[in-house]
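Residue numbers (this note's numbering), protein chains in the order written: chain Y, 4 to 356; chain H, 4 to 143.
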């Protein structure tokens with residue numbers, strides 16, 4: 004035991020990106036894609052049988068591409084018995100992804116006597132089966148694991164555990180969670196599926212409808228959306244360059260992008276109203292002043308003002324703050340939890356598993 | 004009368020001979036000097052030419068660079084381009100580091116002493132542990 008060293012990690016296993024923060028100072032992310040070489044030739048070309056993230060997307064024609072996370076949870080984990088084969092494959096793919104991100108942060112570490120302890124964020128209303136799937140994919144890769152609600156990890160990392168409302172806008176889900184100084188219950192949380200992926204799909208359909216001759220994929224419009232997303236009524240016109248019969252042509256997509264990005268707003272504002280209205284009236288004003296936007300979607304230009312405007316209209320007042328590092332907020336909070344967790348608590352968990 | 008004519012001839016001849024002698028010696032001396040210098044010239048040049056070239060090369064080089072600077076700034080442009088290229092490489096490296104995580108320190112970061120947590124935080128952490136214990140119980 005004298006030679007053991009503990010390495011704490013916080014993981015945000017997202018639909019779009021898997022983000023990891025480690026106690027040795029390394030933090031990084033990988034797009035949640037795993038590619039398996041189709042044959043020996045591809046394997047030789049890629050230098051490996053399995054590739055991840057951007058590389059997997061780049062060589063997607065040469066690999067069998069998997070995206071193991073859907074709507075914030077491991078695919079098929081809601082009903083593993085019904086889709087046994089697919090579920091087993093997804094678990095195997097997810098394990099590869101976890102193994103890869105862990106290897107990124109431990110590559111310079113001496114593995115002898117190294118204990119890897121981690122906290123993984125799960126969507127606010129993830130089912131027990133979803134959480135079990137998360138435990139399953141880390142078995143044998145990490146020594147000790149805890150599953151914690153994602154908005155809670157964000158709140159913990161920002162030290163906003165009291166009377167605040169976290170809105171985590173991801174690719175698969177938007178999680179709204181009010182904090183009352185303890186682990187949020189089901190009544191404190193709302194999860195909506197109108198998230199980044201939904202915006203991508205709506206944006207894609209709108210461009211398809213307007214520019215019938217343009218050729219593009221969902222990944223192309225997703226990348227464009229991530230760089231230009233906005234909901235405000237005013238601003239510069241924006242155009243996307245898409246190929247038409249092989250020739251790159253600029254297309255004005257200002258209205259389409261605004262319309263697609265606005266799709267997520269009604270669910271968010273309704274969720275805020277519901278969570279504020281059902282909160283202890285003594286602290287409602289405090290809650291309205293502490294609305295925190297996190298996740299990739301929080302970078303949408305004008306979203307903060309849009310929510311504040313809605314809150315002023317329906318709730319009389321509202322103050323929204325964006326986190327400084329939307330991509331790392333969840334993983335940073337999870338890492339803080341992993342580090343703060345007393346050793347005896349981890350030991351209790353080990354004896355249980 | 005005849006005696007005086009003879010004396011004049013002798014003196015004249017003596018003067019002419021003397022002049023011829025001096026002229027001859029002058030030619031011989033010049034010839035010797037020219038021949039000597041010609042004989043040593045090749046050897047001297049063979050030794051001196053590379054030495055002089057090496058010394059003068061520096062001045063020639065400086066002159067060329069100075070001329071480039073004063074006329075076209077080509078030398079400065081070349082240097083600036085090199086610096087720009089290096090900066091680009093550094094920026095790319097920084098982007099890679101940012102993308103794949105910035106290493107703060109290699110070892111010894113994992114402190115054995117945990118930071119002190121207050122009672123309320125401990126209670127929250129306790130709830131998380133209990134929640135995870137329940138999850139594992141149901142998994143069995």
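Just so it is clear, CB atoms sit at the ideal spot from N, CA and C, and this is done for glycine as well.
Alpha carbon to alpha carbon, what distance is there between residue j and residue i?
i: residue 112(H); j: residue 140(Y); result: Here residue 112(H) scores only 47 on pLDDT, less than 50, and its place in the model is too uncertain to base an answer on.
i: residue 204(Y); j: residue 174(Y); result: 11 Å
i: residue 1(Y); j: residue 15(Y); result: Here chain Y covers residues 4 to 356 and nothing more, so residue 1(Y) does not appear.
i: residue 38(Y); j: residue 300(Y); result: 26 Å
i: residue 19(Y); j: residue 85(H); result: 39 Å
i: residue 80(H); j: residue 211(Y); result: 48 Å
i: residue 260(Y); j: residue 228(Y); result: 7 Å
i: residue 63(H); j: residue 57(H); result: 10 Å
i: residue 100(H); j: residue 32(Y); result: 12 Å
i: residue 42(H); j: residue 29(H); result: 20 Å
i: residue 66(Y); j: residue 57(Y); result: 13 Å
i: residue 177(Y); j: residue 254(Y); result: 30 Å
i: residue 59(H); j: residue 46(H); result: 20 Å
i: residue 27(H); j: residue 61(H); result: 48 Å
So residue i contacts chain H; which residues on that side make the cut at Cβ distance below 8 Å?
i: residue 351(Y); result: 132, 136
i: residue 186(Y); result: 127, 130, 131, 134
i: residue 304(Y); result: By Cβ distance, chain H contributes nothing, its closest Cβ being about 23 Å from residue 304(Y), past 8 Å.
i: residue 344(Y); result: 128, 131, 132
Is residue i helix, strand or coil when you go by DSSP?
i: residue 231(Y); result: helix
i: residue 63(Y); result: coil
i: residue 163(Y); result: coil
i: residue 296(Y); result: strand
i: residue 36(H); result: helix
i: residue 41(Y); result: coil
i: residue 183(Y); result: strand
i: residue 121(Y); result: strand
i: residue 302(Y); result: helix
i: residue 32(Y); result: strand
i: residue 55(Y); result: strand
i: residue 333(Y); result: helix
i: residue 11(Y); result: strand
i: residue 315(Y); result: helix
i: residue 97(Y); result: helix
i: residue 22(H); result: helix
i: residue 152(Y); result: strand
i: residue 112(H); result: Bear in mind that a pLDDT of 47 at residue 112(H), under 50, signals an unreliable position, so the number given afterwards is only what the model happens to contain. Three-state result, residue 112(H): coil.
i: residue 220(Y); result: coil
i: residue 16(Y); result: strand
i: residue 173(Y); result: coil
i: residue 268(Y); result: helix
i: residue 86(H); result: helix
i: residue 192(Y); result: strand
Grab me the residues of residue i's own chain with a C-beta within less than 8 Å of its C-beta, minus the 5 sequence neighbours each way, in chain order.
i: residue 191(Y); result: 180, 181, 182, 183, 278
Using a Cβ cut-off of 9 Å, pull out every chain Y residue sitting near residue i, in sequence order please.
i: residue 141(H); result: 131, 135
Residues in the same chain with beta-carbon distance under 6 Å from residue i, minus the five sequence neighbours each way, listed in chain order, please.
i: residue 326(Y); result: 297, 332
i: residue 98(Y); result: 140
i: residue 150(Y); result: 123, 125, 134, 137
i: residue 7(Y); result: 116, 118
Using 10 angstroms around the beta-carbon of residue i, count the other beta-carbons present and answer buried if the total reaches 16, otherwise exposed.
i: residue 109(H); result: The predicted position of residue 109(H) is uncertain, since its pLDDT is 48 and thus under 50; no value can be drawn from it.
i: residue 167(Y); result: buried
i: residue 91(Y); result: exposed
i: residue 122(H); result: exposed
i: residue 40(Y); result: buried
i: residue 13(H); result: exposed
i: residue 4(Y); result: With a pLDDT of 49 at residue 4(Y), under the threshold of 50, the modelled position of this residue cannot be trusted; read the value that follows with caution. Looking at its Cβ environment, which holds fewer than 16 other Cβ atoms inside 10 Å, residue 4(Y) is exposed.
i: residue 285(Y); result: exposed
With a CB to CB cut of under 7 Å and the five nearest residues on each side skipped, what residues in its chain are close to residue i?
i: residue 9(Y); result: 118, 120
i: residue 262(Y); result: 209
i: residue 159(Y); result: 336, 339, 340
i: residue 34(Y); result: 19, 20, 56, 57, 60
i: residue 96(Y); result: 37, 69, 71
List, in chain order, every chain H residue whose beta-carbon is nearer than 7 Å to that of residue i.
i: residue 150(Y); result: 135, 138
In chain Y, which residues lie less than 7 Å from residue i when you measure between Cβ atoms?
i: residue 95(H); result: The premise fails here: residue 95(H) is roughly 15 Å from chain Y at the closest Cβ pair, so nothing lies under 7 Å.
In chain H, which residues lie with their C-beta within 9 Å of the C-beta of residue i?
i: residue 245(Y); result: None at all; the shortest Cβ gap to chain H is about 26 Å.
i: residue 164(Y); result: 123, 124, 127
Below 8 Å on C-beta distance, what does residue i contact in chain Y?
i: residue 86(H); result: Near residue 86(H) there are no residues of chain Y at all, since even the closest Cβ is about 30 Å away, more than 8 Å.
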